[in-house]
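Taken in order, the sequence shown gives residues 35 to 446; the numbers are from the working numbering.
Even glycine gets a Cβ: it sits at the ideal position worked out from N, Cα and C.
Below: the structure, in structure tokens.
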Amino acid sequence: MQQTKDIRIDSYDYPLPDERIARFPLSRRDASKLLIYKNGEVSESFFSHLVGFLPKNSLMVFNNTKVIQGRMLFKKETGATIEIFCLEPVRPHDYQLVFQTTGQCEWKCFVGNAKRWKEGSLHKTLSVGKETVTLSAIRGNTSNDAIYVTFSWDNPKVTFADLLEYGGILPIPPYLKRETEERDKVTYQTVYSKIKGSVAAPTAGLHFTPEVLDSLKTKNITTEEVTLHVGAGTFKPVKSETIEGHEMHTEFVSVNRKTIEQLLKCRELIIAVGTTTVRTLESLYYLGGMLLKKPGLSQEELIVSQWQPYEDNHSGSGLEERLSALLTYLNRNGSERLQFNTQIIIAPGYTFRVVKIMITNFHQPKSTLLLLVDSFLKGHWHEIYDYALAHDFRFLSYGDSSLLFMPENAVG
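The following block contains the structure:
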């Protein structure tokens with residue numbers, strides 16, 4: 035584990051010219067370029083041709099999270115603008131419940147211009163359909179860079195989901211260096227997004243169209259969905275010299291029974307769409323290991339910690355036993371859905387236990403996402419990024435895509 039912790043983030047720097055960052059999406063999602071890395075060879079095509087490169091009878095897993103319009107602007111009487119960016123619910127803690135809440139809720143938030151809001155409440159009046167509502171925000175305690183904010187509103191017909199829909203702004207990545215536009219409400223969501231909760235899109239999925247999804251049937255590719263709500267920590271730069279000093283953000287995950295059963299069935303041919311799906315699926319392996327040792331874990335104890343994969347001795351149990359342990363846990367609790375938190379960091383030195391093929395975009399220099407990609411490719415990230423830079427690929431959230439096959443000698 036120490037070898038992984040000693041990785042210097044400077045080793046994952048590369049020159050990314052500003053003009054190579056895609057500030058806007060293409061007019062058609064699947065018109066994006068597709069880099070393919072397989073058996074040590076790099077080639078390229080277009081995303082619309084994706085199915086031609088995929089193995090038959092495989093299982094493709096998507097993250098169906100939906101980005102919320104989580105930025106809200108308030109004006110103080112002094113004229114100062116305060117931006118409140120909702121990160122994760124505190125009370126109620128459950129995402130589904132908090133969006134259905136009427137009257138009051140509490141969120142952990144980033145606050146822009148926080149120095150101008152030391153105390154007191156902020157107010158704004160919104161039109162929600164035919165309803166008028168006054169929304170108030172009260173500042174609470176501080177936690178690291180975040181602030182706890184209690185929201186209250188005076189119309190019982192209006193839910194917090196309504197308030198975000200009518201009064202919130204969709205957050206787009208800061209590196210786009212522009213304001214959110216109306217079209218981003220569509221283009222910065224995947225076509226299969228369903229479950230509200232993310233503050234950033236799982237961008238590998240932005241390339242999929244109904245036509246590409248439909249084409250998967252020609253190779254008998256099964257599709258399943260998981261939910262991981264992407265936190266603002268996905269944009270958090272690694273500021274420490276080595277990754278040992280970087281604390282990964284914790285994210286909420288939900289996986290249903292049927293998906294776990296399909297993972298058991300197709301465990302040799304699993305394709306993950308995006309790094310969030312990779313982190314979800316790999317976390318299941320370690321959660322299953324926890325439940326094999328302690329079957330009676332409570333809901334609060336279901337968390338995969340940052341360095342857990344590097345401390346797990348695997349105790350003779352493989353993927354099948356660990357996924358089966360998850361199903362046993364669901365049976366014992368009479369549940370159809372497994373919910374937990376993960377803080378997993380995937381970096382060189384990690385052995386992949388679930389995912390064999392990955393679809394992902396091109397990530398920022400010196401990011402944990404780049405560490406994950408290099409871990410998957412066993413040190414070959416430079417070949418891919420050098421090729422992409424030399425062949426006019428577009429980078430980051432609205433950029434082009436890659437299809438990466440794990441080197442055969444790296445399968446765990």
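Please confirm whether residue i and residue j have their CB atoms less than 8 Å apart.
i, j, result
"G201", "L262", "no"
"V246", "T311", "no"
"S339", "Q373", "no"
"S436", "L69", "yes"
"D426", "W415", "no"
"L438", "I305", "no"
"F242", "V225", "yes"
"T276", "R54", "no"
"L357", "I294", "yes"
"W187", "L169", "yes"
"M392", "I255", "no"
"R63", "L240", "yes"
"G433", "F410", "no"
"T257", "T394", "no"
"F429", "L107", "no"
Given a threshold of 16 other Cβ atoms within 10 Å of its Cβ, counted over all protein chains shown, does residue i qualify as buried or as exposed?
i, result
"A234", "buried"
"D196", "buried"
"G231", "buried"
"P343", "buried"
"A381", "buried"
"S431", "buried"
"A114", "exposed"
"N175", "exposed"
"S61", "exposed"
"L156", "buried"
"T112", "exposed"
"R5", "The chain is shown from 35 up to 446; residue 5 falls before or after that span and cannot be answered."
Using only the alpha-carbon positions, how far apart do residue i and residue j sit?
i, j, result
"P441", "F194", "46 Å"
"T252", "L297", "20 Å"
"R387", "P126", "34 Å"
"Y129", "I229", "9 Å"
"P205", "T237", "13 Å"
"Y421", "A148", "43 Å"
"K67", "N375", "33 Å"
"I379", "P399", "17 Å"
"K273", "L315", "27 Å"
"S249", "G279", "44 Å"
"Y319", "T385", "11 Å"
"P59", "P244", "17 Å"
"Q333", "V287", "12 Å"
"K299", "G368", "22 Å"
"Y48", "K90", "35 Å"
"T135", "S82", "41 Å"
"G137", "V167", "11 Å"
"L364", "R313", "21 Å"
"D218", "P208", "14 Å"
"L331", "L353", "19 Å"
"Y165", "S79", "The amino acid at residue 165 is misidentified as Tyr; the sequence shows Glu. Answer to the nearest angstrom: the Cα atoms are 50 Å apart."
"G86", "E216", "34 Å"
"A65", "L423", "18 Å"
"T268", "E417", "24 Å"
"K72", "K270", "30 Å"
Can you give me the Cβ contacts of residue i inside the same chain, cut-off strictly under 8 Å, excluding the 5 residues immediately before and after it?
i, result
"T362", "L325, P329"
"N98", "T224, Y226, S227, K228, I229, E259, V260, T261"
"L404", "Y46, H397, Q398, W415"
Nearest to residue i by alpha carbon, out of the options?
i, options, result
"R105", "N98, T99, T243, E117", "E117"
"L360", "T268, N395, R291, F80", "R291"
"V76", "P244, C300, Y419", "Y419"
"L44", "S401, L364, P59", "It is worth fixing the name first, because residue 44 is Asp in this sequence and not Leu. Among S401, L364, P59, the Cα nearest to that of D44 belongs to S401."
"V447", "Y222, Y48, K109, R57", "There is no way to answer for residue 447, as the model of the chain reaches only from 35 to 446."
"G350", "G322, R150, Q333, W341", "G322"
"R301", "K211, G383, V389", "V389"
"Y222", "S155, T166, K100", "K100"
"N178", "E281, A65, S92, V167", "E281"
"N347", "T112, L364, G267, K327", "K327"
"I181", "D218, N189, K142, K164", "K142"
"F96", "G383, F429, V307", "V307"
"S92", "N189, D52, L406, L303", "L303"
Whose C-beta lies closer than 6 Å to the C-beta of residue i among residues of the same chain, with five residues either side of it excluded?
i, result
"F185", "C139, A171"
"D40", "T276"
"V162", "V192, D196, Y200"
"T214", "I203, L204, I206"
In its own chain, which residues sit with a C-beta less than 7 Å from the C-beta of residue i, not counting the 5 before and 5 after it?
i, result
"E153", "R173"
"G265", "L121, E122, V233, H283, E285"
"Q36", "none"
"G446", "Interpretation of G446 is limited by its pLDDT of 41, a score under 50 that renders its predicted location unreliable; the figure taken from the coordinates is listed afterwards. Answer for G446: T385, F386, R387, listed in chain order."
"R212", "R57"
"V132", "P123, P126, C139, F194"
"E355", "L326"
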